[in-house]
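One structure is given below, encoded as structure tokens.
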Amino acid sequence: MFTEETLGHVRKGRKEWDKEVQKTFRQKPERKERFSTVSDLEIKRIYTPEDIKDLDFARDIGYPGMFPFTRGCQPTMYRGREWTMRMFSGLGSAEDTNKRWHLLLREGETGLSTAFDFPTLMGYDTDSPRALGECGKCGVAIDTLRDLQIL
Numbered sequence: 279m280f281t282e283e284t285l286g287h288v289r290k291g292r293k294e295w296d297k298e299v300q301k302t303f304r305q306k307p308e309r310k311e312r313f314s315t316v317s318d319l320e321i322k323r324i325y326t327p328e329d330i331k332d333l334d335f336a337r338d339i340g341y342p343g344m345f346p347f348t349r350g351c352q353p354t355m356y357r358g359r360e361w362t363m364r365m366f367s368g369l370g371s372a373e374d375t376n377k378r379w380h381l382l383l384r385e386g387e388t389g390l391s392t393a394f395d396f397p398t399l400m401g402y403d404t405d406s407p408r409a410l411g412e413c414g415k416c417g418v419a420i421d422t423l424r425d426l427q428i429l
């Protein structure tokens with residue numbers, strides 16, 4: 279993807295940048311020692327062509343609408359279809375939420391995003407003592423496969 283000459287320039291520039299950034303750190307250090315994603319993958323301070331020198335476009339990036347879908351699932355991306363508008367919704371029972379979703383779709387919603395109640399999120403059934411007073415309160419209560427089918 280990059281010539282060895284280009285990578286050599288990048289390495290040299292990176293060394294110079296590292297020296298400069300150390301001066302900044304003496305005045306104002308970073309907020310924490312390690313930055314990471316929610317999956318605990320380390321986030322580097324800076325990324326350069328060195329990090330993607332072995333990248334294979336077809337394997338690692340691909341075209342929009344095609345595997346590995348890093349550019350989205352629509353071939354024309356959002357040029358032919360607007361972003362999906364999703365109201366985060368769910369209330370009471372599966373039947374209640376189903377009715378609400380049909381209303382939202384009639385009113386122009388283009389996608390649905392489910393708000394589950396706290397017991398469902400924690401893996402409790404509605405009849406669990408730990409779920410008392412929380413079922414369907416801030417989202418839909420789902421206990422069974424039938425609930426999902428109704429939804």
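FYI, in this note's numbering the residues of the sequence shown are 279 to 429.
All residues carry an ideal CB built from backbone N, CA and C; glycine is no exception.
This one's a predicted model, so the numbers in the text were calculated from it and none came from an experiment.
Which residue wins for smallest C-alpha separation from residue i, given the options the options?
i: residue 372; options: 327, 393 and 285; result: 393
i: residue 425; options: 367, 348, 349 and 375; result: 375
i: residue 320; options: 335, 378, 311 and 343; result: 311
i: residue 332; options: 419, 280, 378 and 308; result: 280
i: residue 396; options: 292, 291 and 406; result: 406
i: residue 308; options: 285, 322 and 318; result: 322
i: residue 284; options: 386, 337, 330 and 316; result: 330
Grab the span of the beta strand (DSSP E) containing residue i for me, first residue to last.
i: residue 389; result: 389-392
For the alpha helix (DSSP H) that residue i lies in, which residues bound it at each end?
i: residue 398; result: 396-400
i: residue 412; result: Taken as a continuous stretch (DSSP letters only), residue 412 belongs to no alpha helix (DSSP H), as it is neither H nor E.
i: residue 303; result: 282-305
i: residue 254; result: Past the edges of the chain, shown from 279 to 429, lies residue 254, and the structure says nothing about it.
Below 6 Å CB to CB, which residues in the same chain sit around residue i once its five sequence neighbours on both sides are set aside?
i: residue 421; result: 403 and 404
i: residue 379; result: 390
Tell me whether the beta-carbon of residue i lies closer than 7 Å to the beta-carbon of residue j.
i: residue 411; j: residue 370; result: no
i: residue 224; j: residue 355; result: A query on residue 224 cannot be resolved here, the shown segment of the chain reaching from 279 to 429 and no further.
i: residue 328; j: residue 288; result: yes
i: residue 365; j: residue 383; result: no
i: residue 388; j: residue 362; result: yes
Which residues in the same chain as residue i place their Cβ atom closer than 8 Å to its Cβ, once the five residues preceding and following it in sequence are excluded?
i: residue 398; result: 417, 418, 419, 420 and 421
i: residue 324; result: 292 and 295
i: residue 315; result: 321
Can you check the stretch 347-375 for any alpha helix (DSSP H) of at least 4 residues that lies completely inside it and give the ranges in chain order? none
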